[in-house]
Structures are given as C-alpha cells and as structure tokens.
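Just so you know, we're using my numbering here: the sequence shown kicks off at 114 and counts up by one.
Worksheet: the structure to be examined is printed underneath.
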Amino acid sequence: MQRLTVLGAWSALMLACVLAYLPGLSGPFVLDDFGVLTFLGDRGGVTDWATFRAFVFGGNASPTGRPLSLVTFLVDANNWPAESFPFKRTNLVIHLMNGALLGVVVGQILRFSQYDRQAVRWISLVAVGCWLLHPFLVSTTLYVVQRMAQLTTLFCFAGMAVYLSGRARMADNKTQGYLLMSLAVAVFTFLAMIAKENGVLLPLLIGVVEITVLAAQRHRLPGLNKLWATVFLALPVGVIGLYLGAQFFKDGFFEIVVPRDYSLYERLLTQPRVLVEYLNHWFVPKLYTTGVYQDHFIKSTGILSPVSTVLSMLLHLAFIVIAIAKRRAWPLFALAVLFYYGSHLLESTVINLELYFEHRNYFGACFLFLPLVALLYRKARTRTFVAAAIVFGLILGSFTHYSATVWQSLPGMVEASARKAPTSARAQAQYATQLFNAGRADEAVQVLDRAIDTIPDDNPLLLVNRLIILCVQNELDLEEFERVAAIASDMRFDGRLINVYSVFASRVVEQNCPAVSAANLRLLFAAMLNVPDNQDQSSLEYSHIMYLLGFAETHYGNASQAVAAFEASLESRPGASHAMIMAAQMANVGFFDEALK
C-alpha cells in the first residue's frame with residue numbers, strides 16, 4: 114500500500130510539473146535558438162548521411178561541437194523553419210527524466226547515510242519536487258538551445274546513479290563494484306562532455322560525494338583503492354585545475370576582449386556577486402527573472418568596486434570552509450555546498466563566457482534543498498512535514514506556471530525582461546523595437562535614451578537601434594549618424610550585432626533616411642577595418658564586416674568591390690546560406706552575372 118502511495122505521489126509531482134510548464138510549450142524560439150537550429154535547413158534539410166554529418170558534427174558553439182545535443186534536435190525536426198512546440202516538449206520530457214534520475218541519486222545518498230526506507234522515499238520526493246518545480250529553472254527548460262545543459266545533467270545524474278550502485282556493491286563484490294564505477298566515470302563523463310563541456314566535471318562531483326556523504330560512513334564502508342581513485346577521480350580533477358590555472362597566465366588576462374566588455378580578471382571578480390544572486394533566486398524564488406536577457410549584470414572592477422564583491426567572496430569562503438570542516442558531521446549540508454560550487458568551476462570562474470546565465474544552476478542546485486528537507490523531516494511531525502511540502506510545492510509550481518505563461522509569447526517575455534533588467538542592453542533594445550513596431554516610436558526612443566544613460570559605456574546595440582528608429586521616422590540627420598559611426602568604427606566589432614547593422618543598412622538603401630546614403634555606409638564599414646582586432650581574416654568579426662561592406666558596395670553600384678568583399682567574407686566563414694544571401698543582394702540591384710558567380 115505504501116508503495117502505491119509513493120508511486121501516486123511521484124506521478125502527481127510529474128503531472129504538476131507538466132501543468133506548470135504547459136503554457137510555455139507554445140512559446141517562440143528566442144536568441145541563440147536561431148543560431149543553432151537554422152542550420153537544420155542549411156542544406157535543404159537533414160535527409161541523408163552527408164547532411165546528418167554536416168549538422169551533427171558541424172557545431173561551432175564550443176571545442177567539442179556538442180554533437181550529442183545536436184543529434185537530439187533531429188527528434189523534433191529535420192528542416193528549417195520548424196515549429197517550436199516539439200522542441201520545447203522534448204526539453205520538458207528531459208526535465209522530467211532528470212527529476213526521476215535525481216530521485217534515484219538522492220535515494221542512494223540517503224541510504225548510504227542510513228536513513229530508513231520511509232525517510233528515503235519522502236525526503237527524496239520532496240527534495241526532487243523542489244528542484245523540478247523551481248521557477249529559476251524555467252529559462253533552462255523552455256529555452257530550446259539549453260537542452261545542452263539539460264542533457265549534460267541527464268548523463269551526470271545517470272553516471273552518479275551507476276557509480277553509487279557500484280559503490281554499494283563493493284562490500285560484496287569489489288570487482289563488480291569497480292567495474293560499474295569505472296564505467297560510470299569513463300562512459301558518462303564522455304557522454305556528458307559531448308552534450309556540453311561542463312560534463313567533464315563529473316569526476317570532480319563524484320569526488321564531492323566521496324568526501325562528504327561516503328566519508329561520513331567510512332567506519333562501515335570500504336575505502337577506495339588509491340590507484341583507482343587517482344586515475345579515475347584525482348587525475349581528471351588535476352587536468353581541470355591545470356587548465357583553469359593556465360588561464361591566469363594568458364596574454365590579455367587584464368584586457369577587455371570584445372564581444373565582452375570585461376576582462377577575465379574582472380569576470381573572476383564579478384562571479385562571487387553573481388553566485389550570491391543565483392543563491393538569492395534559489396532560496397527566495399521570484400515570479401519572473403530576467404529570462405533570456407542576461408547582460409544586465411554590472412561587472413566588478415576591483416575587490417571593493419563595488420564593496421559587495423569582497424563581501425560575496427567572504428560569504429562563499431565561509432560556506433566552503435564550514436562545509437569542509439563539517440563534511441563528516443553534516444554530510445548533506447557539505448554535499449549541497451561543495452557540489453554547488455564544484456558545478457560552477459568552469460562556467461563561473463575564468464573562462465571568457467557571459468557573466469550571468471540562469472542555466473548554470475540547473476545541475477548544481479540539485480542538492481541545495483536536500484539538507485533542509487532532511488532536517489525538516491527529522492525535526493517536524495509527519496503532518497507538519499507533509500503540509501509544509503505541499504504548501505512550498507504549490508508556491509514553487511504556481512511561480513513556475515506564471516513564468517511559463519510569460520514565456521508563452523515573445524512580446525510578453527521582452528516587456529517583462531526589460532522591466533526586470535533596466536541595465537540589459539539587449540532587453541531594452543528589443544523592447545524599444547517592439548514598441549516601435551506597435552506604432553509607439555516616441556516611447557521606443559525614450560526607452561533607448563534611458564538605457565543609453567543608465568548602462569555604462571557606449572553600447573552600439575542601443576546606438577544603432579536608435580539610428581534605425583530615427584531613420585524610419587525620417588528624423589536622422591547626417592551629424593547624428595556620423596557621431597554614432599565614429600563610436601562604432603573605433604571599437605572591435607561585436608559579431609552578435611550583424612542583424613542590427615544589416616537592418617540599419619537596409620533602411621538606408623531603401624531611402625528611409627535621405628540624409629544617409631550607401632556612400633556613408635561604405636565609409637562606416639571600411640573604417641571598422643582600421644581597428645586591429647577587426648583585421649583577423651579568420652575571425653567571425655572580419656567575415657561580418659566584409660559582408661556589410663559588400664552590401665554597401667552593392668548598393669553604391671560598385672560590383673567588382675562588392676564581389677571582392679563578399680568573397681572575402683565567405684573565405685573567412687564559408688556557408689551556403691551566406692552565399693545565397695549575398696547572391697540575392699547582388700541580383701536585387703541587377704548584378705546578375707556577379708550573383709551567379
């Protein structure tokens with residue numbers, strides 16, 4: 114009877130998770146989704162081995178290309194454009210699978226910690242429920258491309274489950290136990306890593322379980338063979354440590370390298386504040402966060418600039434020191450703390466990534482509620498425990514449902530993010546575009562002006578979007594264009610702004626703003642090549658600038674220079690779809706021979 118009750122409770126939890134996320138499943142693709150999924154249609158769809166290989170093994174998001182993640186997108190579509198619903202549905206299914214696997218892992222951990230069967234069942238259910246229903250994970254689950262983070266988590270959970278199964282068998286059959294543990298580390302680390310690179314952290318995180326939960330039971334559990342532990346756990350951790358340590362000695366550690374507006378040093382200083390913000394969102398859930406617009410976080414420029422930098426460092430240091438000191442006395446607390454920080458070792462230290470992304474907590478936050486739930490179970494009466502679990506679950510589920518409702522439409526997401534993150538240039542620019550498209554041009558300019566005043570440094574995303582609106586309103590004069598052009602052409606080109614520059618250039622050649630001509634565009638894009646960082650002919654930045662220059666030359670009427678610029682762009686970054694766009698541009702102005710070439 115109790116088994117049926119537990120099965121019913123797990124089924125209810127999974128159903129509650131589906132219902133919470135249901136509104137967001139019909140939501141649109143956003144941002145990086147297009148940068149990955151549009152390649153489905155690059156060769157007329159993925160229909161044979163050649164197109165399969167090109168899509169799955171042609172990823173350029175990272176050194177591995179993340180082929181395992183890319184192949185799963187073919188479950189949902191094999192061409193582009195495609196409907197978003199199947200992709201988001203699959204993400205939700207993976208989220209539920211992760212919840213089930215996390216339940217297995219938590220159950221194993223509690224059994225190692227000698228909790229009785231009933232405690233294992235109910236603590237696991239509630240701890241996993243808090244993770245599954247948490248609104249801070251909405252942007253990971255409903256942002257299609259973050260399936261990569263979900264799949265890494267899936268294989269890490271599976272690896273931990275197999276490892277702990279082998280660890281439990283060591284007492285009876287060491288050979289079988291070590292075989293399972295070896296397979297868990299080797300196979301699942303590889304699978305997790307080709308889904309997303311931070312899967313390489315699995316040996317480290319298994320080591321965290323060893324030095325906390327399992328170390329607390331050392332009096333009754335056999336210790337690990339030192340050679341095995343060195344090869345399978347210590348050596349991978351050492352390689353990661355050496356890789357991260359090498360970043361400190363890179364040329365330019367203290368220099369800002371576009372598209373970032375911070376150095377690796379500043380990023381390292383900022384991450385303690387970022388981690389505090391993550392923990393705040395986790396333990397004090399919000400109805401809605403900044404969503405996909407995560408460029409709102411202001412960097413730290415010194416240990417006291419702002420002062421919250423050093424305070425955050427001290428807070429994290431205190432947690433880590435207490436967790437290590439009490440890892441045998443408070444194993445679940447130590448597990449939650451060290452596992453969380455360990456999971457952030459790659460993405461929240463010195464690798465040149467964005468400062469802030471919610472999906473970085475998807476895996477690492479999995480045990481954060483476990484010690485609290487276990488404590489409540491031990492200290493409270495059964496009715497109190499059940500009532501608290503239901504109430505907290507309803508709060509989390511309702512918050513997630515609200516957030517998923519916001520994700521239902523792009524306008525809703527944009528407006529909510531813009532209001533939530535006034536320092537996000539991307540959110541403010543997108544919101545301004547949305548207002549302009551709705552016929553509210555004056556409000557759009559006000560949003561951009563306010564953002565330009567609020568956000569430190571000149572931001573070309575905001576400045577060029579403002580030019581677009583003024584251009585369409587026929588309010589852009591040559592002086593304002595030249596002011597912005599001087600700023601934009603004096604900095605390293607941000608490859609993410611190709612669409613913004615393309616839209617502005619199209620507005621100009623369509624003669625929406627007579628004060629600016631194709632000749633002015635030629636000067637702008639040619640001047641960008643004077644910046645040393647834009648001259649690397651193998652870079653994406655160079656490819657984009659040469660495309661824009663080719664566009665300007667095309668509409669200026671200079672066919673030979675346009676062809677030269679387009680060919681330089683393609684040589685830097687080959688692509689069939691890129692070439693077709695260039696050919697279409699030339700054909701549109703009557704350069705048919707050049708377009709055919």
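Backbone N, C-alpha and C define an ideal beta-carbon position, used for all residues, glycine too.
According to DSSP, is residue 688 helix, strand or coil? Residue mapping note: residue 688 aligns to position 575 of the sequence shown, counting from 1. If DSSP states are grouped into helix, strand and coil, residue 688 belongs with coil.
Are three or more beta carbon pairs between the region 293-309 and the region 171-187 nearer than 8 Å? Using a C-beta cut-off of 8 Å, the region 293-309 makes contact with the region 171-187, since at least three inter-stretch Cβ pairs fall below that distance.
What separation, rounded to the nearest whole angstrom, lies between the Cα atoms of residue 239 and residue 205? Counted from its first residue, the sequence shown places residue 239 at position 126. Counted from its first residue, the sequence shown places residue 205 at position 92. For residue 239 and residue 205, the distance between alpha carbons rounds to 19 Å.
At which residue ranges does the region 547-597 contain complete alpha helix (DSSP H) runs of 4 or more residues, listed in the order of the chain? 554-567 and 573-585
Unbroken stretches of the beta strand (DSSP E), 3 residues or longer, contained in the region 267-325: Taking only runs of at least 3 residues, no beta strand (DSSP E) segment lies wholly in the region 267-325.
Less than 9 Å separating the beta-carbons of residue 422 and residue 533? Within the sequence shown, numbered from 1, the residue matching residue 422 stands at position 309. Within the sequence shown, numbered from 1, the residue matching residue 533 stands at position 420. No, these two residues do not count as a Cβ contact at 9 Å.
As a quick exercise: from 445, 506, 627 and 295, pick the residue whose alpha carbon is nearest that of residue 226. Against the sequence shown, residue 226 aligns to sequence position 113. When only C-alpha atoms are compared, the closest one is 445.
Express the C-alpha separation of residue 484 and residue 222 in angstroms, rounding to a whole number. Along the sequence shown, one-based indexing puts residue 222 at 109. Along the sequence shown, one-based indexing puts residue 484 at 371. Our two residues, residue 222 and residue 484, have alpha carbons roughly 12 Å apart in a direct line.
So, under 8 Å CB-CB, residue 472 and residue 253 are touching, yes? Tell me the CB distance rounded to an integer number of Å. Sequence index remark: in the sequence shown, residue 472 carries index 359 (1-based). Sequence index remark: in the sequence shown, residue 253 carries index 140 (1-based). Correct: roughly 4 Å between the Cβ atoms.
Test item: CB-CB of residue 581 and residue 613 under 9 Å: Here residue 581 refers to the residue found at position 468 of the sequence shown. Here residue 613 refers to the residue found at position 500 of the sequence shown. Against a cut-off of 9 Å, the Cβ pair of residue 613 and residue 581 comes out as a contact.
Assign residue 413 to one of three DSSP states: helix, strand, or coil. On the sequence shown, position 300 is the one that residue 413 refers to. Residue 413: coil per DSSP, three-state reduction.
What residue does the alpha helix (DSSP H) around residue 145 start on, and which one ends it? In the sequence shown, the residue the question calls residue 145 occupies position 32. Where residue 145 is concerned, the enclosing alpha helix (DSSP H) stretches over 145-150.
Once the 5 residues before and after residue 585 are set aside, which same chain residues still bring their CB inside 7 Å of it? For the purposes of this step, residue 585 is taken as residue 472 along the sequence shown, with counting starting at 1. Taken in chain order, the residues that qualify are 620 and 625.
Per DSSP, the bridge partner or partners of residue 418: The count along the sequence shown starts at 1 and reaches residue 418 at position 305. Residue 418 is bridged by DSSP to 415.
Just to confirm, are residue 187 and residue 153 a CB contact at a threshold of 9 Å? Counted from its first residue, the sequence shown places residue 187 at position 74. Counted from its first residue, the sequence shown places residue 153 at position 40. Contact: yes.
Whole angstroms is fine: what's the gap from residue 263's alpha carbon to residue 208's? Residue numbering aside, residue 263 sits at position 150 when the sequence shown is read from its first letter. Residue numbering aside, residue 208 sits at position 95 when the sequence shown is read from its first letter. Distance between the alpha carbons of residue 263 and residue 208 is about 7 Å.
Coil, strand or helix - residue 644 by DSSP: Taking the first residue of the sequence shown as position 1, residue 644 is located at position 531. Here DSSP, grouped into helix, strand and coil, assigns residue 644 to coil.
According to DSSP, is residue 260 part of a helix, a strand, or is it coil? Reading the sequence shown from its first residue, position 147 is the one you call residue 260. The answer is helix: DSSP assigns residue 260 an H, G or I state.
Inter-residue Cα distance where the pair is residue 660 and residue 135: As a first step, residue 660 must be located in the sequence shown, where it is residue number 547. As a first step, residue 135 must be located in the sequence shown, where it is residue number 22. So the two alpha carbons sit approximately 41 Å from each other.
Reduced DSSP category for residue 358 - H, G, I as helix; E, B as strand; rest coil: As a position in the sequence shown, residue 358 is number 245, starting the count at 1. DSSP places residue 358 in the helix class (H, G or I) of the three-state scheme.
Beta-carbon spacing of residue 597, residue 573 below 9 Å: Against the sequence shown, residue 597 aligns to sequence position 484. Against the sequence shown, residue 573 aligns to sequence position 460. By the CB criterion at 9 Å, residue 597 and residue 573 fall inside the cutoff.
In whole angstroms, give me the CA-to-CA distance for residue 454 and residue 230. Translated into the one-based positions of the sequence shown, residue 454 becomes position 341. Translated into the one-based positions of the sequence shown, residue 230 becomes position 117. Residue 454 and residue 230: Cα-Cα distance of roughly 30 Å.
Going by alpha carbons, who is nearest to residue 563 out of 587, 550, 537 and 552? Residue numbering aside, residue 563 sits at position 450 when the sequence shown is read from its first letter. It is 537 whose Cα lies nearest to the Cα of residue 563.
Does the count of Cβ pairs from the region 369-387 and the region 328-348 closer than 8 Å reach three? no
Expressed to the nearest angstrom, what Euclidean distance is found between the alpha-carbon atoms of residue 705 and residue 194? Mapped onto the sequence shown, residue 705 falls at position 592. Mapped onto the sequence shown, residue 194 falls at position 81. Inter-residue distance for residue 705 and residue 194 is about 28 Å (C-alpha atoms, whole angstroms).
For the pair the region 279-289 and the region 155-162, tell me if three or more CB-CB distances fall below 8 Å. no
Can you tell me whether residue 367 is buried or exposed, with buried defined as 16 or more other CB within 10 angstroms of its CB? As a working note, residue 367 is residue 254 in the sequence shown. Counting the other Cβ atoms within 10 Å of the Cβ of residue 367 gives fewer than 16, which makes it exposed.
Just curious, the alpha helix (DSSP H) that residue 339 is in, first and last residue? Walking along the sequence shown from the start, residue 339 turns up at place 226. Unbroken alpha helix (DSSP H) run through residue 339: 339-342.
In terms of alpha-carbon separation, which member of 610, 213 and 261 lies closest to residue 184? As a first step, residue 184 is located in the sequence shown; it is residue number 71 there, counting from the start. Comparing Cα-Cα distances from residue 184 to each of 610, 213 and 261, the minimum goes to 261.
What's the C-alpha gap between residue 682 and residue 162? Counting from 1 along the sequence shown, the entry for residue 682 is found at position 569. Counting from 1 along the sequence shown, the entry for residue 162 is found at position 49. The alpha-carbon atoms of residue 682 and residue 162 are separated by roughly 28 Å.
Using only CA atoms, which one of 170, 269 and 201 lies nearest to residue 214? Counting from 1 along the sequence shown, the entry for residue 214 is found at position 101. The candidate whose alpha carbon is nearest that of residue 214 is 269.
Report the start-end ranges of each alpha helix (DSSP H) in the region 445-530 that is 4 residues or longer and not cut off at the edges. Listed in chain order, they are 474-477, 483-492 and 495-519.
Put residue 140 into one of helix, strand or coil per three-state DSSP. Numbered from its first residue, the sequence shown carries residue 140 at position 27. In the structure shown, residue 140 sits in coil (DSSP, three-state: anything other than H, G, I, E or B).
Counting Cβ pairs closer than 8 Å, one from the region 433-444 and one from the region 488-498, do we hit at least three? no
Rounded to whole angstroms, how far is the Cβ of residue 530 from the Cβ of residue 406, which I believe are closer than 8 Å? As a working mapping, residue 530 is identified with position 417 in the sequence shown. As a working mapping, residue 406 is identified with position 293 in the sequence shown. Right, their Cβ atoms sit about 4 Å apart.
Beta-carbon proximity list for residue 676, same chain, < 6 Å, skipping 5 on both sides: Within the sequence shown, residue 676 is the residue found at index 563, counting from 1. Once the five neighbours on either side are set aside, the close Cβ partners of residue 676 are 707.
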